[in-house]
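Below is one structure, written out as structure tokens, with a few remarks after it.
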Ligand SMILES: [Zn+2]
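Residue numbers (the working numbering): 1 to 273.
Given below as structure tokens:
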């Protein structure tokens with residue numbers, strides 16, 4: 001049953017714009033699972049194929065075919081989540097800031113912004129989303145592709161704005177600083193070496209005050225984790241995340257955080273789901 005204050009998920013259209021295969025899962029996998037299960041129309045845009053990501057096991061991929069393997073991993077992950085509309089923009093992964101991959105001519109961070117924004121605006125006009133999700137302007141941990149996608153998606157929402165006022169709500173996915181700190185502490189408490197240095201802990205992630213919206217996705221955390229597990233080339237069972245007990249992972253993954261970025265004064269639809 002829906003009341004005026006509870007949106008009918010089955011009537012929603014949602015566009016999620018991320019840089020790499022697996023970004024969607026860490027950032028918003030629980031929300032995407034909830035939306036898909038509720039019958040929302042969800043379209044996922046993935047700017048790159050994660051070409052220069054790590055390969056957890058050389059049996060899974062080579063540097064040459066990693067892009068194909070990661071496209072398939074994303075398709076597998078979205079099959080678990082219940083999303084079939086995936087649009088690959090086919091730019092090359094720009095790599096971490098300061099690496100040679102930043103200068104590759106097809107690197108996403110070097111793409112002509114007007115072309116990408118026009119493409120995304122076209123997808124917005126086609127899918128007519130109520131909600132657009134993308135990276136926050138800091139890129140979470142500063143990845144050039146995350147920052148680029150945040151800027152492009154933000155510009156595309158403005159570009160596609162309907163003169164009648166039917167503008168989608170733009171949400172940035174957030175990794176709040178206090179949550180980074182909790183991950184760090186849970187690892188430190190168990191003598192697990194965290195993947196980020198203690199000195200960096202106060203600079204990683206979204207400033208807590210920027211978070212407008214907290215979404216409980218605990219009922220969807222199993223789907224979220226199963227979907228994430230499809231990104232096999234990116235997972236290390238022996239890594240710091242893999243060593244945390246399942247109840248701690250569920251607790252930390254069972255809440256997602258967003259910033260309602262535009263339009264000003266909009267009613268927070270995600271908070272009401
Ligand atoms: Zn990414």
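C-beta atoms are modelled at their ideal positions from N, C-alpha and C, and glycine is treated no differently.
Predicted model, so just to flag it, every value in this text is computed and none were measured.
Could you spell out the range, first to last residue, of the beta strand (DSSP E) harbouring residue i?
i	result
residue 86	85-91
residue 13	13-18
residue 214	213-216
With burial defined as no fewer than 16 other Cβ atoms inside 10 Å of the residue's Cβ, what is the status of residue i: buried or exposed?
i	result
residue 136	buried
residue 1	Its pLDDT being 47, under 50, residue 1 is placed unreliably by the model, and nothing is read from it.
residue 227	buried
residue 7	buried
residue 236	exposed
residue 217	buried
residue 193	exposed
residue 267	exposed
residue 234	buried
residue 49	buried
residue 197	exposed
residue 238	exposed
residue 168	buried
residue 39	exposed
Under 6 Å: does the beta carbon of residue i sit that close to some heavy atom of ligand 1?
i	result
residue 20	yes
residue 278	Residue 278 lies beyond the stretch modelled for the chain, which goes from 1 to 273, so this question has no answer here.
residue 268	no
residue 97	no
residue 8	no
residue 314	Any property of residue 314 remains undetermined from this structure, which presents the chain solely from 1 to 273.
residue 51	no
residue 136	no
residue 209	no
residue 23	yes
Grab the span of the alpha helix (DSSP H) containing residue i for me, first residue to last.
i	result
residue 48	Segment 41-48 is the beta strand (DSSP E) holding residue 48; no alpha helix (DSSP H) there.
residue 227	221-228
residue 247	246-253
residue 141	139-142
residue 135	Careful: residue 135 lies outside any alpha helix (DSSP H), inside the beta strand (DSSP E) at 131-135.
residue 32	23-37
residue 173	Here residue 173 belongs to no alpha helix (DSSP H); instead the beta strand (DSSP E) covers 169-174.
residue 74	66-81
residue 189	177-189
residue 271	269-272
residue 113	113-127
Can you round the beta-carbon distance between residue i and residue j to whole angstroms, since I take them to be within the 8 Å contact cut?
i	j	result
residue 289	residue 246	Outside the shown range of the chain, which is 1 to 273, sits residue 289, and nothing can be said about it.
residue 143	residue 19	7 Å
residue 274	residue 258	Limits of the chain in this structure are 1 at one end and 273 at the other, which puts residue 274 out of reach.
residue 82	residue 221	Contact flag wrong, Cβ pair sits at about 15 Å.
residue 21	residue 152	With a Cβ gap of about 18 Å, residue 21 and residue 152 do not count as contacting.
Of the choices the options, whose alpha-carbon is the least far from that of residue i?
i	options	result
residue 260	218, 123, 133 and 122	133
residue 35	200, 192 and 9	9
residue 124	255, 65 and 161	161
residue 128	41, 62 and 213	41
residue 109	49, 121, 91 and 122	91
residue 255	265, 271 and 241	271
residue 89	240, 211, 74 and 116	116
residue 97	242, 53, 65 and 78	53
If you measure from the beta carbon of residue i to each beta carbon in chain B, is any gap under 7 Å?
i	result
residue 97	The structure shown contains no chain B, having only a single protein chain.
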